[in-house]
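Protein chains in written order, with UniProt numbering: chain A, 1 to 480; chain B, 1 to 156. Notes to accompany the following structure.
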Amino acid sequence: MTKPRHSHVLGLITHLAKQIQEYWFLFILLLWQWGNLSPLWRGVAIAALVVWFLAWPITKWATLTYIVTPDAVVIHSGIFVRHQLHIPYPRIQTVQRQQWFYLRPFHLETLKLETASHEDGQPEVRLPAVPTSVADTINTYRQATTKPSIAATVTTESAAPTAIPQSQGPSYRITHRALTQFALTSTGVIPLVLVLLGIYGKLPKDWENQALAQAAHYALPFLVGAIIVVLLIAWVGAYLWVLIRYYHFTLTKTGDQLETVKGLFQRNTVTAPIDRIQAVRFKQNILRQWLHLQTVQVLLASKAATDDDDHDLVLLPAIAQDQLYATLHPFIPWVPATAPQLTDFVVPRQARWLLNRNALLVVALPVILLCWLWQPWGYLSLFLLPLAYFQGRFVARNTGGRRLSDELVMLQTGHVWTRETFVVRRQQIQSLEVNFSVWMRPKHLAHLTVNVRHGNRKQAIELRYLSAKQVHALYDWYTN
Amino acid sequence: MLPTSHHLPPRIKRIWGYSTLGSFVVGLVVTALLYWAHLGWHWANWLVIASAIVTLIEPIVEAGLIPYRYRFTRYQITPVAVEMQSGMVFKKRLAIPIARVQDVTLKAGPLLQWQKLTQVTVATAATSHTIEGLELTVAEQLREQIMQLAQEARHD
């Protein structure tokens, strides 16, 4: 495979669709201005649109070629400015393959390669509609370069390399029950409610007035009923959305790579090397905390998995809390096999009220302003006060952590009703920060911030109001 | 706390002083513009008063804190880590292992150049941290040291 190859003609559809998706408003603009344009300018505008929406994507498709060599993937692209991109296999962080159902009969898929470069936005390489064999070849070469002994035999490239026999590791498939629970407890409801409210805002005013006039007779039941309907629709929407994306989720370990496959209409396959994992995160919103359901994600130095929660690759979407460690340990060897007690970094009992106080202080000003300026509805904002108080309590209760070995720490935080637990290796901690104010010093308290890499940015893991002794001990461990 | 840590060069106080003066001048200009707007377009006069108060108070506080800012800002380079310490009321201790350092940047604006000082920014794969001012020679030495140690650490 050393000759430059074009992607399949079907890839053209992707290019066209993308162009329309990004610039559809130009059509609207033209329709809107149609009446004001002279025939000459109408002709010019149509010609420009044809070029922009047809000729440009076609040339883009025609000029995009790729070569898979034994050492690197080389991409040529560009019309006026020729790009030549050379990605050696050891630099690739993740290989992502997305197969829409209509591409399945043709054995085609969209291939995305990500490196850890600091370029934001798009993945480094996006090849729409290439044969599935391309990704297989890349993965084979990639595994070969990490094992020098085998690399020698493969780099004497004769034909397409045959798959190197890999030790097939453990695999995991999500159960229907877990997936259903996961989908039902998704907080995706909240954005959907906002969208529905947005649509409501766009409805014609006289509908609303009619409805309100009728509703005036039974105002409260109507209001409650409407809220329940909106919530139900949003909930079902969020449920289906999660179900479609995580349909038949599987995780497998092959050699030193992890692979996740998921999705109903679009099968999405992501391959990531285990030694590139920056940190492992267990995440649990308060609903899932009641159901003892955890989500496991890995933080990577690239932005693979942009559709996943927080853009992080999901390893186990929904796993019962008591099976988590036993399930995950075979996939990532440095995650402990049993649940550790996170008792070293906890908020001391006498410091817990500080978290309540801070949470209350955050909402105090808005509440005062609302109560003062927007009567009588502003008084509803008083409900924020108990909410803030319990949020503070939630943080205090969920903060935890422990140094498990000389190479490993576990840190747990509670934010906005979500508990997050991080498993971080010492070598992946980019920097460590200890903060304390003069008032915290006599109380022997300190904040701890551990920075790890996350995509192209940092993930600051912040634990507040811990015992200063423990925090400084961790600092000393880190600097020695 | 850090037995072998260093203070920034004392001349940094002069730089901070000048930058305080700079913010005073900016404050004066803003106040003058607001006064002008008050005369021309009848903007509320409390804007002018508030701006004048801020212009007066802010540089005084900033200037008054310079000795403390100087006393509480420290840095240290050990064979394994770069450490920084700052803050009087809100204290901060920061550690960056040499092995995690990706690059070191020296940067100096006109004021720092004039005093032959430079800012040193140490960047990791995720974060970057700045030492506000060092002697040019010390900074270059430091950069060599960090890069040297980083090289060695990577060979491990």
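Glycine is no exception: its CB is placed at the ideal position from the N, C-alpha and C atoms.
Against chain B, the CB of residue 398 of chain A has no partner CB under 8 Å away; the residue lies outside that interface.
Residue environment for residue 84 of chain B: buried (at least 16 other C-beta atoms within 10 angstroms of its C-beta).
Put simply, the backbone Cα of residue 40 of chain B is about 24 Å away from that of residue 56 of chain B. Here the stretch 259-269 of chain A makes no contact with the stretch 405-424 of chain A; the two share fewer than three CB pairs at distances below 8 Å. At a beta-carbon threshold of 8 Å, none of the residues of chain A lie near residue 57 of chain B; the nearest stands roughly 22 Å away. A Cβ-Cβ distance of about 6 Å is found for the pair residue 97 of chain B and residue 80 of chain B, placing them in contact under the 8 Å criterion. Residue environment: residue 440 of chain A is assigned as buried (16 or more neighbouring CB atoms within 10 Å of its CB, all protein chains considered). Excluding its 5 nearest sequence neighbours in each direction, residue 30 of chain A has C-beta neighbours in its own chain below 6 Å: 45, listed in chain order. For residue 57 of chain A, the secondary structure class from DSSP, reduced to helix, strand or coil, is helix.
Runs of the beta strand (DSSP E) lying entirely within the UniProt domain "YdbS-like PH" (70-146) of chain B, each at least 3 residues long, are 74-77, 81-86, 90-97, 103-107, 117-123 and 128-135 in chain order. Comparing alpha-carbon positions, the option among A/365, A/257 and A/433 lying closest to residue 92 of chain A turns out to be A/257. For residue 32 of chain B, the closest alpha carbon among the candidates B/22, B/49 and B/16 is that of B/49.
What residue 453 of chain A touches in chain B, judged by beta-carbon distance under 7 Å, is 125 and 126, going in chain order.
Contact annotation: residue 298 of chain A and residue 313 of chain A have beta-carbon atoms nearer than 8 Å. Annotated as distal: residue 232 of chain A and residue 183 of chain A, with beta-carbon spacing of 8 Å or more. Taking all protein chains in view, the Cβ of residue 422 of chain A is crowded by 16 or more other Cβ atoms within 10 Å, so the residue is classified as buried. Among the bridge pairs identified by DSSP, residue 268 of chain A is matched with A/98 and A/262.
Flagged as an interface residue toward chain A: residue 90 of chain B, by a C-beta distance shorter than 8 Å.
Going by DSSP, residue 364 of chain A is part of the alpha helix (DSSP H) stretching over 352-373.
Within the stretch 460-479 of chain A, 475, 478 and 479 place their CB atoms closer than 7 Å to a CB of chain B, listed in sequence order.
Around the C-beta of residue 8 of chain A, 16 or more other C-beta atoms lie within 10 Å, and the residue is accordingly described as buried. One thing to note: residue 432 of chain A has its Cβ within 8 Å of the Cβ of residue 450 of chain A. Under a 10 Å Cβ-count criterion, residue 288 of chain A is classified as buried, with 16 or more other Cβ atoms of the shown protein chains found around its own Cβ. For residue 302 of chain A, not one C-beta of chain B is nearer than 8 Å to its own C-beta. Where residue 278 of chain A is concerned, there is no enclosing beta strand (DSSP E), because DSSP gives it neither an H nor an E. Boundaries of the beta strand (DSSP E) harbouring residue 298 of chain A: 293-299, taken from the DSSP string.
Residue 403 of chain A is a Cβ neighbour of residue 474 of chain A, given a cutoff of 8 Å.
For the C-beta of residue 94 of chain B, the chain A residues within less than 7 Å are, from N- to C-terminus, 431 and 433. Taking the beta carbon of residue 81 of chain B as reference, the chain A residues within 7 Å of it are 479, listed in sequence order.
In this structure, the CA atom of residue 472 of chain A is about 10 Å from the CA atom of residue 93 of chain B.
Residues of chain A with a Cβ closer than 8 Å to the Cβ of residue 129 of chain B are, in chain order, 431. A Cβ-Cβ separation of about 5 Å places residue 65 of chain A in contact with residue 76 of chain A under the 8 Å criterion. Here the alpha carbons of residue 302 of chain A and residue 139 of chain A stand approximately 17 Å from one another.
The DSSP-derived three-state label of residue 180 of chain A is helix. Under DSSP, residue 253 of chain A forms a beta bridge with A/258. Residue contact with chain B for residue 331 of chain A: absent (no Cβ-Cβ distance below 8 Å to any residue of chain B).
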